[in-house]
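Read the structure below first, then the notes.
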Amino acid sequence: MRDVAIIGVSQTKFGELWDSSFRQLIAEAGLNAIEDSGVGGNDLDAMFVGNMTAGLFIQQEHIAALIADHTGLNPISSTRVEAACASGGLALRQGVMAVASGYHDIVISAGVEKMTDVVDATPAIATASDQEWEAQQGVTFPSLYAMIARRHMYEYGTTREQLAEFSVINHKNASKNPRAQYPFEISVDKVLNSTVVADPLTLLDCSPVTDGAAAIVLCPAEMAKQYTDTPIYVKASTQASDTITLHDRKDITTIGSTKVAAKKAYEMAGVTTKDIDAVEVHDCFSINGILAIEDLGFVEKGKGGQAVEEGITHIDGEIPVNPSGGLKARGHPLGATGIAQAAEIVWQLRGEADKRQIDGAEIGMTHNIGGTGGTAAVHILSR
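Numbering-wise, full-length UniProt numbering puts 341 at position 341 of the sequence shown, and it's gapless, one number per residue.
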């Protein structure tokens, strides 16, 4: 197996992008990543695109061919990757494996979602849950995560204020990110007093409906310096699964797939949690951000809320979490999120994150999950 390097990254602005189409978003992200990498379009061997549900959001399937066509990359091998909200993370993993195996040399992994072209995104998003046992019974993702939050509060004493603080920190980070959907700060009181979505979660505990795209160019590590002076190396790329339904789990306050993928990633990279300088976690709801820092091993189980309250997850804290603003404030275009997380870590490791830069960042991690954790992808990157 060959070592793999990232030589180019890009991300569009995230938000309600009424003036940009699906095609325009992925073309912008892909072409900017190619330009950032220093390769030519003719150098690309393959493309892997993460997308959850273009068929429901924009009534378009066969998007891998559409993207290759619209970006002028025909006859490149183009493959769509779907794993709910983890589609981007798995598209990155597919690209890494393609290069590592020697099957391809230069690959682009991307992700895209256009979510605002429907009146109500909820039914489309709900397809990431179990239709028969969850969605068709009226369960939504806010209610699933609300159940997790209630149980975590009961088991470990996590407070409503600690959940809110996770959102507050994300917004503080996003205020320094020009690509973020919500680049402004909020307060704990504002979170607590926002509209209740599924008790105890309010509107400001929830990630938004988002349009956007992101892309990453990969190549063998030995070739990277031909294209860039600042290659970032993929030290680990792992994936794991869990039950798709909550009711089949022994403990709904633990995302088993996260724990397994993280353990494999630390072993593959030869590092521990103490070596990680920045981590982008999948905080689709504030409670999931708290679960993530526990299940990734940064804090003891049940201590996530306390860790957030103590401020150790701030950019200048012991465990800098979501310097981009996370899913909550950077935005969450489902298929693009895993790629955007990796792009943020690349900028951090290159020292290109401007006002949200983490001093001396050398090793970073991304954590991307689908649904309530039926799928998890973890990547560790280094300078």
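From the three backbone atoms N, C-alpha and C, an ideal C-beta is built for every residue, glycine too.
**Report entry** PRO320, buried or exposed, once every other Cβ within 10 Å from all chains shown has been counted against 16
**Finding:** Looking up residue 320 in the sequence shown gives position 320. The C-beta of PRO320 has 16 or more other C-beta atoms within 10 Å across all chains shown, which makes the residue buried.
Query raised in the report: Alpha carbon to alpha carbon, how far is ALA91 from SER109?
Result: Here residue 91 refers to the residue found at position 91 of the sequence shown. Here residue 109 refers to the residue found at position 109 of the sequence shown. C-alpha of ALA91 to C-alpha of SER109: approximately 6 Å in a straight line.
Query raised in the report: Which two residues bound the contiguous beta strand (DSSP E) that contains LYS301?
Result: The residue labelled residue 301 in the question sits at position 301 within the sequence shown. From DSSP, LYS301 is part of no beta strand (DSSP E); its letter is neither H nor E.
Report task. For PRO75, count neighbouring Cβ atoms within 10 angstroms of its own Cβ and tell me buried if that reaches 16, exposed if not. Result -> As a working mapping, residue 75 is identified with position 75 in the sequence shown. Per the 10 Å Cβ criterion, exposed.
Query raised in the report: Name the DSSP beta bridge partners of ASN368, please?
Result: Taking the first residue of the sequence shown as position 1, residue 368 is located at position 368. Under DSSP, ASN368 shares a beta bridge with ALA377.
Report task. Would you give the residue range spanned by the beta strand (DSSP E) that THR337 belongs to? Result -> In the sequence shown, the residue the question calls residue 337 occupies position 337. THR337 -> not in any beta strand (DSSP E); alpha helix (DSSP H) instead, spanning 337–350.
Requested in this report: Within 10 angstroms of the Cβ of GLN136, are there 16 or more other Cβ atoms? Answer buried if so, exposed if not.
Outcome: For this step, residue 136 is matched to residue 136 along the sequence shown. Around the Cβ of GLN136, a 10 Å sphere holds fewer than 16 other Cβ atoms; the residue is exposed.
Query raised in the report: In the structure shown, what three-state DSSP assignment does VAL271 receive?
Result: As a working note, residue 271 is residue 271 in the sequence shown. Three-state result, VAL271: coil.
Query - Beta-carbon proximity check, ALA98 vs VAL107, cutoff 8 Å - result: Looking up residue 98 in the sequence shown gives position 98. Looking up residue 107 in the sequence shown gives position 107. Here ALA98 is near VAL107, since their CB atoms are less than 8 Å apart.
Query - Same chain, Cβ closer than 6 Å to VAL378, neighbours up to 5 away in sequence not counted - result: Taking the sequence shown and counting its residues from 1, the one referred to as residue 378 is at position 378. Result list for VAL378: THR238, ALA261, ALA262, ALA265, HIS367, in chain order.
Requested in this report: Rounded to whole angstroms, what's the CA-CA distance from LEU163 to ARG151? Just pull it up for me.
Outcome: Start at 1 with the first residue of the sequence shown, and residue 163 comes out as number 163. Start at 1 with the first residue of the sequence shown, and residue 151 comes out as number 151. Straight-line spacing of the CA atoms in LEU163 and ARG151 works out to 13 Å.
**Report entry** ILE244 beta carbon less than 8 Å from that of SER167
**Finding:** Counting from one through the sequence shown, the residue named residue 167 turns up at place 167. Counting from one through the sequence shown, the residue named residue 244 turns up at place 244. It is not a contact, given that the beta carbons lie outside the stated cut-off.
Query raised in the report: Looking only at its own chain, which residues have a Cβ that is under 7 Å from the Cβ of LYS355, when we skip the five neighbours before and after it?
Result: Residue numbering aside, residue 355 sits at position 355 when the sequence shown is read from its first letter. Answer for LYS355: LYS176, listed in chain order.
**Report entry** Rounded C-alpha distance that separates LEU246 from THR372
**Finding:** Working through the sequence shown from its first residue, we reach residue 246 at position 246. Working through the sequence shown from its first residue, we reach residue 372 at position 372. Each residue's Cα considered, the two are about 7 Å apart.
**Report entry** For PHE14, the first and last residue of its enclosing beta strand (DSSP E)
**Finding:** Locating residue 14 in the sequence shown gives position 14, where the first residue counts as 1. Counting along the chain, PHE14 falls outside any beta strand (DSSP E), and DSSP gives it neither H nor E.
**Report entry** contact_flag[the region 79–93, the region 182–191] where n(CB pairs < 8 Å) is 3 or more
**Finding:** No, they do not touch.
Query - Neighbour-count burial assignment, GLY15, 16 or more Cβ in a 10 Å radius - result: For this step, residue 15 is matched to residue 15 along the sequence shown. Counting the other CB atoms within 10 Å of its CB gives GLY15 a total of 16 or more, which places it among the buried residues.
Requested in this report: To the nearest angstrom, report how far apart HIS282 and PHE22 are at their CA atoms.
Outcome: Locating residue 282 in the sequence shown gives position 282, where the first residue counts as 1. Locating residue 22 in the sequence shown gives position 22, where the first residue counts as 1. Their backbone Cα atoms lie some 23 Å apart in a straight line.
Query raised in the report: Nearest CA to the CA of GLY50: which residue from TYR156, LEU381, ARG93?
Result: Within the sequence shown, residue 50 is the residue found at index 50, counting from 1. Distances from the alpha-carbon of GLY50 to those of TYR156, LEU381, ARG93 put ARG93 closest.
Query - GLN131 burial status per 10 Å Cβ neighbour count (16 or more: buried) - result: Here residue 131 refers to the residue found at position 131 of the sequence shown. Exposed: under 16 other Cβ atoms inside 10 Å.
Query raised in the report: Does the region 67–74 touch the region 223–233, meaning 3 or more C-beta pairs lie closer than 8 Å?
Result: By the criterion of at least three beta-carbon pairs nearer than 8 Å, the region 223–233 is not in contact with the region 67–74.
Report task. For the beta strand (DSSP E) containing GLY212, list its first residue and its last residue. Result -> As a first step, residue 212 must be located in the sequence shown, where it is residue number 212. First-last of the beta strand (DSSP E) with GLY212: 212–220.
Query raised in the report: If ILE287 and ALA149 are in contact, beta carbons under 8 Å, what's the gap, nearest whole angstrom?
Result: Counted from its first residue, the sequence shown places residue 287 at position 287. Counted from its first residue, the sequence shown places residue 149 at position 149. Taking C-beta atoms under 8 Å as the contact rule, ILE287 and ALA149 qualify, at a distance of about 4 Å.
Query raised in the report: From the beta carbon of ALA261, is the nearest beta carbon of chain D less than 8 Å away?
Result: Protein chain content of the structure displayed is limited to a single chain, and chain D is not contained in it.
Query raised in the report: If you run the structure through DSSP and keep just helix, strand and coil, what is LEU66?
Result: Locating residue 66 in the sequence shown gives position 66, where the first residue counts as 1. It is helical.
Query raised in the report: What's the gap between the Cα of LEU291 and the Cα of ASN42?
Result: Numbered from its first residue, the sequence shown carries residue 291 at position 291. Numbered from its first residue, the sequence shown carries residue 42 at position 42. Cα to Cα, the separation comes out at about 43 Å.
Requested in this report: Take GLU344 and list the residues in its own chain whose beta-carbon comes closer than 6 Å to its own, dropping the five residues that flank it on each side.
Outcome: The residue given as residue 344 occupies position 344 in the sequence shown. GLU280, SER324.
Query raised in the report: If GLU113 and GLY338 are in contact, beta carbons under 8 Å, what's the gap, nearest whole angstrom?
Result: As a position in the sequence shown, residue 113 is number 113, starting the count at 1. As a position in the sequence shown, residue 338 is number 338, starting the count at 1. Not confirmed; about 11 Å, so no contact.
Query raised in the report: Within 10 angstroms of its Cβ, does THR272 collect 16 or more other Cβ (buried), or is it exposed?
Result: Here residue 272 refers to the residue found at position 272 when the sequence shown is read from its first residue. Residue environment: THR272 is assigned as exposed (fewer than 16 neighbouring CB atoms within 10 Å of its CB, all protein chains considered).
Query raised in the report: MET97 by DSSP, collapsed to three states: which one?
Result: Numbered from its first residue, the sequence shown carries residue 97 at position 97. In the structure shown, the three-state DSSP call for MET97 is helix.
Query raised in the report: When we look at the beta-carbon of residue 388 and count the other beta-carbons within 10 Å, is it buried (16 or more) or exposed?
Result: As displayed, the chain neither begins before 1 nor continues past 383, which places residue 388 out of reach and without an answer.
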